[in-house]
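For reference, the structure discussed in these notes is given below.
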Ligand SMILES: Nc1ncnc2c1ncn2[C@@H]1O[C@H](COP(=O)(O)OP(=O)(O)OP(=O)(O)O)[C@@H](O)[C@H]1O
Ligand SMILES: [Mg+2]
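Chains as they are written, first to last, in the working numbering: chain A, 1 to 256; chain B, 1 to 339.
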């Protein structure tokens with residue numbers, strides 16, 4: 001690996017992100033915060049939802065923001081740069097193995113996802129206050145879960161971004177990302193699916209379930225949640241899978 | 001430590017249409033499903049290319065569209081994996097020692113591939129950073145290259161709004177940014193106005209004088225003639241001729257080419273044409289025409305006309321060309337490079 005080239009590429013991504021910072025902030029936070037406002041504020045305030053829903057919702061929103069940001073931050077540039085513009089070629093010609101170009105994208109996506117996750121909590125807390133009952137008793141576990149979730153989002157972005165053509169971006173979101181979010185236990189805990197036993201089993205193939213439940217387990221442990229062990233094993237497994245698939249697809253796209 | 005370029009029997013077979021032309025495709029599982037049904041088209045882009053380009057040489061690949069020039073450059077710059085054969089930059093195997101090779105080469109691709117999120121100066125500076133130049137050095141080099149390519153006044157604008165020729169100039173500047181030993185230029189003068197083209201030729205010559213190897217592709221014979229020390233003519237993924245421009249021109253029988261077309265085909269007339277003094281070779285072409293390779297041009301025309309008149313055959317069309325690479329291409333392939 002070539003440390004200098006790798007860092008230069010990270011610096012390039014930071015430069016581009018800084019240039020687009022306003023659009024980036026809206027894209028990351030607008031949708032989750034609207035959701036927080038409607039469900040956490042309007043619905044709870046008018047009595048359609050119990051007050052405890054506020055606390056239950058927050059980890060899910062954090063998972064959602066992180067995964068959305070990571071996937072978007074890695075997949076969208078890759079799809080574009082491999083297609084018409086071929087922008088990535090200059091980086092593929094940098095003096096290091098091209099796998100590191102992909103890994104740099106994953107690192108940049110992970111950092112963005114972490115930033116999104118850590119920023120959405122205070123925003124949401126401000127919107128929801130009072131009555132949010134977060135407890136950060138196990139900060140290290142929380143940090144590990146957050147990191148795993150961020151890496152998952154970036155690796156997922158890599159796998160998607162290198163498998164989807166530009167013309168199919170819309171399809172990717174409606175066919176892959178949207179179902180993943182709705183069946184990802186973001187707006188409800190996994191235990192809430194107890195009445196739908198078959199679906200409860202099926203959603204376990206959805207990595208977002210482990211992301212939401214993992215954050216729930218470390219932020220609001222008073223609610224029922226999946227065991228942390230299952231969360232760790234599943235997220236590690238998914239990360240390894242997506243990274244492997246993503247790198248393979250990346251090589252296929254990069255070299256003709 | 002100038003580096004040469006060598007290839008041995010390079011072959012490249014593409015199994016699918018280029019990704020953009022394909023149109024369909026989409027999710028990768030969709031592709032797999034269709035595999036069994038229709039066989040993928042196979043395109044033989046390179047069919048045994050062996051080259052030995054000396055260190056410090058300006059070498060040119062000349063050929064029509066689809067000849068395999070870009071694919072050759074792609075293989076030599078790690079961007080295309082050859083189906084068979086080897087390629088070396090200096091002593092380094094291109095496929096096995098990619099990082100070392102990438103350090104030695106600078107590449108200008110045929111299609112512009114600038115980083116659209118950055119300004120012209122940033123493109124050069126970040127490129128320098130990828131290659132480990134110190135911050136002082138890369139800023140200094142970027143400034144002088146921008147000046148050299150007359151881009152200083154647009155240096156701090158995002159390149160999305162650049163004209164085609166400006167992008168091309170910036171791509172070339174970027175390839176020179178890390179001072180590579182071997183410079184690849186895939187149709188560098190496409191889209192450049194005549195003045196800028198001359199500037200580019202001057203820059204290429206100057207770069208070469210500092211001991212660097214330059215490989216450029218073109219389908220413009222004047223460019224090959226003016227710029228390169230040796231050239232290879234490529235067609236259908238094969239090298240059909242290789243040498244200095246002068247050698248290649250001299251290898252055409254006679255050197256001059258007189259293309260004629262008659263009202264009707266007559267083997268008898270062809271025999272008489274063959275017997276004219278100075279005519280080395282007569283080849284029948286489409287539409288009862290003939291190509292006469294000869295050591296003289298204009299003076300032949302009246303004699304051909306007289307022969308046609310005597311045989312009572314109409315002479316419809318005459319074209320004379322002086323010794324040129326174009327004649328060479330025509331001699332080898334029966335097709336014109338310009339068509
Ligand atoms: N990525 C690809 N996938 C499939 N086929 C390809 C691909 N790239 C090139 N080809 C095919 O390989 C052949 C050689 O193409 P190449 O780009 O090397 O030609 P060229 O000599 O550079 O032509 P031009 O003068 O038009 O640039 C063509 O038939 C082309 O269609
Ligand atoms: Mg080409």
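Each residue gets a CB set at the ideal place from its N, CA and C atoms; glycine is no exception. Bear in mind that the values here come from a model prediction, so they are computed numbers and not experimental data.
Beta-bridge partners of residue 119 of chain B (DSSP): B/158.
Taking C-beta separations shorter than 6 Å and ignoring five residues to either side along the sequence, the partners of residue 238 of chain B in its chain run 47, following chain order.
Remark: the C-beta of residue 69 of chain B is in contact range of ligand 2, defined as less than 7 Å to any heavy atom. Per the C-alpha coordinates, the member of A/36, A/130 and A/83 positioned closest to residue 166 of chain A is A/83. Setting aside the 5 residues that flank it on each side, residue 81 of chain A is surrounded in the same chain by 87 and 88, each with a C-beta closer than 7 Å to its C-beta; the list follows chain order.
Contact annotation: in the region 9-32 of chain A, residues whose CB is within less than 9 Å of a CB in chain B are 9, 11, 12, 15, 16, 19 and 20. Taking the Cα positions, residue 100 of chain B is about 28 Å away from residue 74 of chain A.
Secondary structure of residue 79 of chain A (DSSP, three-state): helix. The beta carbon of residue 29 of chain A lies closer than 8 Å to those of 65, 116, 119, 120 and 123 in the same chain, with the five residues before and after it left out.
Residue 219 of chain B has its CB nearer than 7 Å to a heavy atom of ligand 1.
The DSSP-derived three-state label of residue 79 of chain B is coil. Within 10 angstroms of the beta-carbon of residue 53 of chain B lie 16 or more other beta-carbons, which makes it buried. Within the region 85-111 of chain A, those residues whose Cβ lies closer than 9 Å to any Cβ of chain B are, in chain order, 85, 86, 87, 88, 89, 90, 91, 92, 93, 94, 95, 96, 97 and 98. Any Cβ of chain A closer than 8 Å to the Cβ of residue 116 of chain B would place that residue at the interface, and such an atom is present.
Relative to ligand 2, the beta carbon of residue 186 of chain B is positioned inside 7 Å of a heavy atom. The Cβ of residue 74 of chain B sits closer than 8 Å to at least one Cβ of chain A. Leaving aside the five residues that flank residue 217 of chain A on each side, the residues in its chain whose CB is nearer than 6 Å to its CB run, in chain order, 225 and 228.
Excluding sequence positions up to five before and after residue 322 of chain B, its CB lies within less than 8 Å of the CB of 255, 256 and 297, all in the same chain and listed in chain order. Annotation: the continuous beta strand (DSSP E) that includes residue 14 of chain B extends over 5-14. Neighbours of residue 99 of chain B in chain A, taken as residues at a C-beta separation under 8 Å, are given in chain order as 2, 95, 96 and 97. Under the Cβ criterion of 8 Å, residue 131 of chain B is counted among the residues facing chain A. For residue 166 of chain B, the number of other beta carbons within 10 angstroms of its own is at least 16, and it is reported as buried. Taking non-hydrogen atoms of ligand 2 into account, the C-beta of residue 168 of chain B is found less than 7 Å away from none of them.
With a cutoff of 8 Å on beta-carbon distance, residue 108 of chain B and residue 188 of chain B are scored as near each other. At least one heavy atom of ligand 1 sits closer than 7 Å to the Cβ of residue 43 of chain B.
Listed along chain A, no residue sits closer than 8 Å to residue 139 of chain B by beta-carbon distance, the nearest being about 14 Å off. Secondary structure in the region 42-128 of chain A: the alpha helix (DSSP H) runs of 4 residues or longer, each lying completely within the stretch, are 53-82, 89-92 and 99-128 in chain order. A Cβ-Cβ contact shorter than 8 Å links residue 215 of chain A with residue 63 of chain A. Separation of the CB atoms of residue 161 of chain A and residue 79 of chain A is rounded to 5 Å, and the pair is thereby assigned contact status at 8 Å.
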